[in-house]
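One structure is given here, and the rest of the page talks about it.
Protein chains: 2
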Amino acid sequence: MPDAALPSIDLFEAIHSARAQRRLSSDPVPEALITRVLDAAIRAPSAGNAQNWHFVVIRDAEQRRKAGALYRKASDIAEAVYRARSRPEHLTESQWQRMLTAGAYLWDHLGDAPVLLVPCLHQRDLPARDALAPAWRQRHDDERTYLDRIRGASIYPAVQNIILACRGLGLGTVITTNHLRIEAEFKAMLDIPDQVDTFALMPIGWPQGRFGPVNRRPLSEVAHADRWSNAWPG
Amino acid sequence: MPDAALPSIDLFEAIHSARAQRRLSSDPVPEALITRVLDAAIRAPSAGNAQNWHFVVIRDAEQRRKAGALYRKASDIAEAVYRARSRPEHLTESQWQRMLTAGAYLWDHLGDAPVLLVPCLHQRDLPARDALAPAWRQRHDDERTYLDRIRGASIYPAVQNIILACRGLGLGTVITTNHLRIEAEFKAMLDIPDQVDTFALMPIGWPQGRFGPVNRRPLSEVAHADRWSNAWPG
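For the protein sequence lines, the chains are A and B, in the order given. According to this note's numbering, the first sequence holds residues 16 to 249 in order. According to this note's numbering, the second sequence holds residues 16 to 249 in order.
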């Protein structure tokens with residue numbers, strides 16, 4: 016539970032001010048703060064409370080340099096796709112350009128962050144197909160399809176706890192996923208086993224930008240009451 | 016930002032005490048609290064800040080009855096799979112049985128919760144393949160594979176904000192996904208468009224159980240320093 020020796024914050028203030036922070040100082044972060052962040056991550060729910068998660072924290076300078084170089088390489092692959100993507104309607108052209116510029120900054124500087132955190136999920140979600148009675152094997156295959164879709168439900172809630180815990184401690188972070196385009200190389204660098212998948216690469220450090228408020232599309236556009244056609248009244 | 020008229024809580028206390036609540040009172044929940052929860056949901060990050068999310072809130076008694084009946088039907092399909100699943104090593108037999116019992120309770124009572132919340136994601140993540148230059152079409156297909164894997168990163172952080180905001184307001188909730196097994200029927204009941212996918216079905220209400228502490232596998236088993244073989248020292 017809360018440790019009075021470490022900083023904290025009101026829950027709703029954290030949620031409303033936890034901006035994506037892509038420009039981070041290279042100053043070191045005390046180990047106790049990262050432990051606090053990890054300790055928050057593992058309080059998240061996971062399907063069947065299976066907790067098949069792993070978290071790799073990279074602080075070693077040489078490992079960070081390698082991770083940064085792989086992220087740079089993966090981002091080259093991603094770049095064409097980003098260029099083909101169009102601006103979401105709810106962002107102004109200047110907001111969109113600012114986001115692209117900050118993203119491109121991170122392509123070159125990810126490895127400079129003092130801490131890189133890699134949330135992972137073991138593939139241990141399913142009983143072995145062969146161990147099932149024949150009548151259940153079709154169910155197993157249905158289950159595979161279903162689980163592929165919802166595995167995110169067992170790791171991204173922990174990722175959000177990481178984001179909020181960082182905010183509570185005054186640290187900045189952001190979810191990145193470009194490394195997935197060369198995931199095998201990335202996993203090899205960290206000796207991550209074949210049966211473990213990575214879901215994000217999060218730089219963590221003291222933010223150079225300010226926190227919040229986080230502006231979003233209004234609720235009236237995205238919340239519905241009882242059925243799709245009714246806007247939420249609140 | 017925080018509204019002084021509504022209850023709140025310390026961030027880390029919320030994270031460490033937001034237990035899954037499957038037994039909920041049927042007492043109504045003031046609309047302002049649900050609006051507060053939704054307002055927290057939309058502060059989460061999403062890939063490219065696209066905010067392609069939608070949230071359907073079911074309060075109407077007849078719609079809740081239908082949702083409860085569909086959840087019951089979907090849970091019959093899920094049951095064989097649950098029975099084939101084995102107890103995670105870190106849970107005792109009694110913890111595992113308690114979880115299964117609470118889950119089975121919810122199969123029959125989901126529709127009794129005063130509020131059901133359905134987080135959704137529009138499929139508007141990609142530029143149309145045909146709009147791309149031929150040289151980019153292979154990239155588009157790679158992108159599809161990549162996005163199928165990480166779409167969860169654009170909705171489950173919002174789901175965790177919902178869980179924490181409920182905790183902050185004294186409300187209980189839990190992530191359920193059984194309805195995905197009959198998602199087409201479920202979407203038809205809510206008039207959700209074809210291009211929109213649902214990612215969870217969350218009952219919300221005043222909890223009959225107590226909050227926290229949330230016990231988990233220890234960090235020493237799941238956190239790694241610099242590479243897989245090194246346990247995190249914290």
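Glycine residues also receive a C-beta, built at the ideal position from the N, C-alpha and C atoms.
A:R34 sits buried, since 16 or more C-beta atoms from the chains shown fall within 10 Å of its C-beta.
Taking a beta-carbon distance threshold of 8 Å, B:T192 counts as an interface residue toward chain A.
Within chain A, no residue has its CB atom less than 7 Å from the CB of B:G185, the nearest being about 12 Å off.
In this structure, the straight-line span from the alpha carbon of B:T191 to that of B:W111 is close to 17 Å.
Residues of the same chain with a CB within less than 8 Å of the CB of A:V52, apart from the 5 flanking positions on each side, are L132, I177, A180, C181, L184, L186 and I219 in chain order. Look at B:V189 here: in three-state DSSP terms it is coil, with no helix or strand label. The beta carbons of A:F214 and A:L136 sit about 6 Å from each other, so the pair counts as a contact at 8 Å.
One thing to note: A:V237 has its Cβ within 8 Å of the Cβ of B:F70. With 16 or more other CB atoms across the displayed protein chains lying within 10 angstroms of its CB, A:Q36 is buried. Going by DSSP, B:T50 is part of the alpha helix (DSSP H) stretching over E46 to A56. The residue from B:L234, B:P228 and B:P248 with its alpha-carbon nearest to that of B:S32 is B:P228.
With the criterion set as a beta carbon lying under 8 Å from some beta carbon of chain A, the members of the stretch 39 to 50 of chain B are E46, A47, I49 and T50, in sequence order. In the structure shown, B:L131 falls within a strand segment according to DSSP collapsed to helix, strand and coil. Taken through DSSP and simplified to helix, strand or coil, A:H194 comes out as helix.
At least 8 Å separates the beta-carbon of A:L195 from that of B:R79. The Cβ-Cβ distance between B:A59 and A:Q175 falls below 8 Å. DSSP places B:W68 in no alpha helix (DSSP H) but in the uninterrupted beta strand (DSSP E) bounded by W68 to I73.
The beta carbon of B:S244 sits closer than 8 Å to no other beta carbon from its chain once the five residues preceding and following it are set aside. When Cβ pairs closer than 8 Å are counted between the two stretches, the stretch 43 to 50 of chain B is seen not to touch the stretch 196 to 207 of chain A, the count staying below three.
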